[in-house]
Structures are given as C-alpha cells and as structure tokens.
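For the sequence shown, my numbering assigns the number 6 to the initial residue and increments by one for each residue that follows.
Each residue gets a CB set at the ideal place from its N, CA and C atoms; glycine is no exception.
Being a predicted model, the structure only gives us computed values, none of them experimental.
Before any comments, here is the structure.
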Amino acid sequence: MHSLAVVLTVAAALGIIVIGGLYLLVPQRIASTFGLPVRPEEPGETGWLNLKGVRDVVSGLVILIPLALGHPDLTGYVLLAAALTPVGDMLTILRHKGNRALAYGMHGGTAVVVALAGVLLLVG
6 MHSLAVVLTV
16 AAALGIIVIG
26 GLYLLVPQRI
36 ASTFGLPVRP
46 EEPGETGWLN
56 LKGVRDVVSG
66 LVILIPLALG
76 HPDLTGYVLL
86 AAALTPVGDM
96 LTILRHKGNR
106 ALAYGMHGGT
116 AVVVALAGVL
126 LLVG
C-alpha cells in the first residue's frame, strides 16, 4: 500500500508541476483545459494564467519535498491540505458556469486522487 501511495503522490506532484509549466510557457493554449467559460485571447491578458502556473509548480514541489526527505506522514497531511486546491478550482468553475465535465472530472478527480494518496501515506 505504501508503494501505491508513493506512486500516486509522485504522479500527482509531477503532473501538477507539468501543468503549471504549461500555464507559464503556453498560457493561451492550455487555458481551455481549466474549464472556465471565458479565456484571455491576447498575450497581455494571460497574467492570471501565469499566476496559476506558479501556484501549480510550487504546489507540486511542496508535495515532493517532504516525501523526498523521508517524511511520509508529513507528506500525507500536506496532500490532504493540497486536495483543497482542486476542490476550490472545481467549485469556482461550477460557480462561473464553466465546463462541468472538466470541473468534476479533472478537478474533482484530482482532489480524490490527492486525498487518497494522503490517506494511504498516513495509514501505510
């Protein structure tokens, strides 16, 4: 069970780092994958997407650092807290009448996987 938890943790952290990198490098191209109905069309309007990119890269690192230092319990608690970010994203998308499939599928699914990995690290 511990191995599964570590694999889920690393996959989630690396996934969010990659997504964050894309929001920094090609924000207009990746914007439609977030799920909000309105996306910036001009390069100068992508500041909020760059902020999301920074947030995502840092979030992934915050998950990986305690795991790499050999603190699975701490990583489990960090993951449980980090699961609130995709929940917040999901609720924001739903509130602003965005893509429900992306809200539930991507953001809700991510929240479940991250929380599951956190629980597995805490019990394993």
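Cα-Cα separation, residue i to residue j
i      : j      : result
Val12  : Leu121 : 12 Å
Gly70  : Ala86  : Note that residue 70 corresponds to Ile in the displayed sequence, not to Gly. Their backbone Cα atoms lie some 15 Å apart in a straight line.
Val15  : Gly123 : 11 Å
Gly114 : Leu84  : 14 Å
Gly26  : Gly58  : 6 Å
His7   : Gly129 : 5 Å
Thr51  : Ala108 : 21 Å
Leu29  : Gly81  : 28 Å
C-beta atoms of residue i and residue j nearer than 8 Å
i      : j      : result
His76  : Ile98  : no
Leu151 : Ala36  : One cannot answer for residue 151 here, as it falls past the ends of the chain, which runs 6 to 129.
Leu9   : Leu125 : yes
Arg116 : Met95  : It is Ala, not Arg, that sits at residue 116 in the sequence shown. Yes.
Next on the checklist: Quick test of the definition: if touching needs 3 or more C-beta pairs under 8 Å, does the stretch 98-110 touch the stretch 30-48?
Outcome noted: yes
Item to check | Whole runs of the alpha helix (DSSP H) within the stretch 66-109, excluding any shorter than 4 residues | outcome: 77-87 and 89-100
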